[in-house]
Amino acid sequence: MNKELEALLALHAQDARLRSLEGKLDRLLAQKKQLEETIASEERELAARREALEELRRRSRERAAEVDDLDTQIRKYQHQLDEGLLSFKEMEALREKVQSSRARMESLEEEAIALLEEVEREEAAMEEREAAFRRWQARVAEELAELERAIAAQRQELEAERSKRETLALQVDGALREQYERLLREYENPVVPLREGRCTGCRLQVSEITVERVREGREVVTCENCLRILYA
11 MNKELEALLA LHAQDARLRS LEGKLDRLLA QKKQLEETIA SEERELAARR EALEELRRRS
71 RERAAEVDDL DTQIRKYQHQ LDEGLLSFKE MEALREKVQS SRARMESLEE EAIALLEEVE
131 REEAAMEERE AAFRRWQARV AEELAELERA IAAQRQELEA ERSKRETLAL QVDGALREQY
191 ERLLREYENP VVPLREGRCT GCRLQVSEIT VERVREGREV VTCENCLRIL YA
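Numbering (the numbering used here), first residue to last: 11 to 242.
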């Protein structure tokens, strides 16, 4: 095998290594993105539960305030009745108001008690959720930090290998390098072995003359069909 082809094969092998490293980096970045999306989703879920709990507290406060307001109104009606300064008809109407208000207040008190009990249950559940989330968050933070370290190391390795690629590229003849780079834009494998008279890139048969030239290894030979560079 001539030196030009040897230098080209070394460059081609380096490109394959770079693709492998880039693929690994892409997978690490995808894992990081997925983990970050999971964190964001969990945070949104917890925020929604906090909002639901706050809404429950608001309803509980409103119901308790309604009970207090109604109790104040009943006391006011009762005071007017106790003073006895109203006509019989007005007193009867006021008594009906007191009676209906008390019935309403009993209903509101039941609702207020039920809401308060629900708030207490949800607060206890929320405390457990918060604690569980903090434990999960700590574990995920460690996993994310490990991913960040792996990504940084992968990028550093890629940088070193790209630098090595530049050195290897300079060892390939200029015209051949241009040909290779042009093929590389079209094919992932621009340099392929010849097996049983077939180009392993396009898998088509080549001429006997091409087969012989490849076997001799004295020159750079390309496939007649796909123009990939062939080697024995």
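The C-beta atom is built at its ideal place from N, Cα and C for all residues, glycine as well.
Assigned secondary structure, residue i (DSSP; H/G/I helix, E/B strand, else coil)
i, result
"Y190", "helix"
"V77", "helix"
"Q244", "Given that the chain is displayed from residue 11 to residue 242, the structure contains no residue 244 and the question cannot be resolved."
"T210", "coil"
"R238", "coil"
"L15", "helix"
"R85", "helix"
"L95", "coil"
"R228", "coil"
"V201", "strand"
Residue j beta carbon less than 7 Å from that of residue i
i, j, result
"Y241", "L28", "no"
"L118", "V77", "yes"
"L63", "M136", "yes"
"N12", "R228", "yes"
"G207", "N199", "no"
"L18", "V182", "yes"
"V221", "E234", "no"
Euclidean distance between Cα positions of residue i and residue j
i, j, result
"R73", "G94", "32 Å"
"I239", "P203", "8 Å"
"K34", "Q164", "8 Å"
"R159", "Q41", "13 Å"
"Y190", "A179", "10 Å"
"I49", "R60", "16 Å"
"L104", "L91", "7 Å"
"Q83", "R114", "12 Å"
"A185", "E156", "44 Å"
Given residue i as reference, the closest of the options once Cα atoms are compared
i, options, result
"R129", "L66, E191, K107", "The sequence as given places Val at residue 129; Arg does not occur at that position. Among L66, E191, K107, the Cα nearest to that of V129 belongs to L66."
"Y197", "H22, N12, E171, K13", "H22"
"C236", "Y87, L194, E32, K174", "L194"
"L154", "E102, Q44, A17, A26", "Q44"
Counted within 10 angstroms of its Cβ, other Cβ atoms place residue i as buried (16 or more) or exposed
i, result
"T177", "exposed"
"R125", "Reading off the sequence shown, one finds Leu at residue 125, where the question assumed Arg. Looking at its Cβ environment, which holds 16 or more other Cβ atoms inside 10 Å, L125 is buried."
"A141", "exposed"
"R223", "buried"
"S70", "buried"
"D25", "buried"
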